[in-house]
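Student:
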Amino acid sequence: MYHSHHEANLNALPDANQQPEELKVTDLPAFYDLKRVEPYYLFANSTQLFFPPELLGEKSLTYINYELQRQPLKLENHVRKIGYCREMKHPHLLAALADLFLVLGTHGNALKLRLLQRCRDSLLPEDYAMLNRCADTALDSTLSRLPDACLFKQSCQHVVDFDLHASNAENEADIELIVETFIENSQIDQAMDLLEDHLLNQPEHQPLTRTLIDLYIASSQISRGLNFVEKLSVSHGELSDHWVDAEALLKSRQS
383 MYHSHHEANL NALPDANQQP EELKVTDLPA FYDLKRVEPY YLFANSTQLF
433 FPPELLGEKS LTYINYELQR QPLKLENHVR KIGYCREMKH PHLLAALADL
483 FLVLGTHGNA LKLRLLQRCR DSLLPEDYAM LNRCADTALD STLSRLPDAC
533 LFKQSCQHVV DFDLHASNAE NEADIELIVE TFIENSQIDQ AMDLLEDHLL
583 NQPEHQPLTR TLIDLYIASS QISRGLNFVE KLSVSHGELS DHWVDAEALL
633 KSRQS
């Protein structure tokens with residue numbers, strides 16, 4: 383009895399050479415319903431790269447933008463963003479491709495060309511030509527044709543040079559943990575509220591400043607960021623250098 387049951391199980395195993403069937407939204411368990419699973423936890427599963435883009439939703443794009451600000455060289459997030467924009471016909475496709483080109487510089491030609499070819503039908507001919515010309519060289523981050531949605535337009539490095547040794551209080555470590563939890567749950571506005579409240583009283587905490595600036599850019603809330611810098615200036619007078627640089631970075635991302 384056991385033997386025949388065991389043989390049946392072996393026969394049920396898929397052929398190793400068989401190509402997997404295309405994954406459909408209806409094939410996914412309820413666990414992967416975006417209403418139940420936030421982007422951070424969804425992205426923890428590497429098979430997310432094969433999920434239908436409509437499963438991810440717009441708020442996942444905000445999360446990817448934030449992660450790219452933190453880790454520009456994490457290529458899988460560039461690929462996720464490009465794939466999402468292509469499949470959903472999102473207007474930020476050119477920006478997503480340009481960001482990858484800017485970050486890679488003169489490297490990664492095969493990856494750049496492969497992704498560019500996949501997206502060719504979704505790009506304007508002149509945009510495709512611009513990127514194709516730069517596949518073997520570095521894309522100029524100051525090109526006027528680059529869209530404002532480019533995360534690394536003007537510079538593929540952060541303008542703000544933060545001193546990572548500025549942390550000086552235990553309660554700030556607690557705030558970092560709470561903020562990170564908010565971000566992981568896509569509660570971006572709550573994270574910004576908490577950071578603004580804290581930095582309004584203690585504006586010299588540079589790692590938290592960087593997180594806040596990244597969130598402004600990732601969520602396209604540049605005006606909110608500039609308003610907060612103005613509020614800091616009114617409350618504290620002359621801004622410190624890292625806030626002056628942060629303000630310059632935000633202004634460079636204005637439409």
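So the numbering used here is basically just the index in the sequence shown, starting at one, shifted up by 382.
The C-beta atom is built at its ideal place from N, Cα and C for all residues, glycine as well.
In this text the structure is predicted, and so the values were computed from the model without any measurement.
(1) Taking a contact to mean a Cβ-Cβ separation below 9 Å, would you say A630 touches T591 in this structure?
(2) So, is N447 buried or exposed, given that buried needs 16 or more other C-beta atoms within 10 angstroms?
(3) Say whether the stretch 480-500 touches the stretch 510-519, bearing in mind that this needs 3 or more beta-carbon pairs closer than 8 Å, one atom from each stretch.
(4) Within 10 Å of its beta-carbon, does L498 have 16 or more other beta-carbons around it, so buried, or fewer, so exposed?
(5) How is L632 classed by DSSP in three states: helix, strand or coil?
(6) Use the C-beta contact count for A573: other C-beta atoms within 10 angstroms, 16 or more gives buried, fewer gives exposed.
(7) L498 by DSSP, collapsed to three states: which one?
(8) Would you check if the distance between the CB atom of H474 and the CB atom of L443 is smaller than 9 Å?
(9) So, under 8 Å CB-CB, L479 and I464 are touching, yes? Tell me the CB distance rounded to an integer number of Å.
(10) Buried or exposed, going by whether 16 or more other CB atoms sit within 10 Å of the CB of L521?
(11) Can you tell me the Cβ-Cβ gap for L632 and I595, rounded? I've got them flagged as a contact below 8 Å.
(12) Going by beta carbon distance, what residues of the same chain come within less than 6 Å of C467, once the five residues before and after it are set aside?
(13) Take the Cβ of L525 as the centre, count every other Cβ of all protein chains shown within 10 Å, and call the residue buried at 16 or more, exposed below.
(14) Work out the CA separation of D575 and E612 for me, nearest whole Å.
(15) Can you name, in chain order, every residue of its own chain whose Cβ lies under 7 Å from the Cβ of K535, other than the five neighbours on each side?
(16) Going by the beta-carbon positions, is the gap between T593 and E558 smaller than 9 Å?
(17) Can you give me the start and stop residues for the alpha helix (DSSP H) that Q572 sits inside?
(18) Would you mind working out which of L582, L455, Y510, R635 sits nearest S617, comparing C-alpha positions?
(19) Q453 by DSSP, collapsed to three states: which one?
(20) Whole angstroms is fine: what's the gap from S605's alpha carbon to K494's?
(21) So for P507, helix, strand or coil by DSSP?
(22) Between V461, P585, F610, L533, which lies nearest to R500 when the distance is taken from Cα to Cα?
(23) On the CB-based measure, 16 or more other CB atoms within 10 Å of its CB, does N459 come out buried or exposed?
(24) Nearest CA to the CA of H580: which residue from L608, I570, G490, V561?
(25) As a quick exercise: from G607, D571, L455, pick the residue whose alpha carbon is nearest that of H489.
(26) Give me the Cα-Cα distance between N491 and M512, rounded to the nearest whole angstrom.
(27) Counting only the same chain and skipping the five closest in sequence on each side, list residues whose C-beta sits under 6 Å from that of S601.
Tutor: According to the structure data:
(1) no
(2) buried
(3) yes
(4) buried
(5) helix
(6) buried
(7) helix
(8) yes
(9) 6 Å
(10) buried
(11) 7 Å
(12) H474, L475, A478
(13) exposed
(14) 16 Å
(15) S523, L528
(16) yes
(17) 570-583
(18) L582
(19) coil
(20) 33 Å
(21) helix
(22) V461
(23) buried
(24) V561
(25) L455
(26) 15 Å
(27) T444, I570
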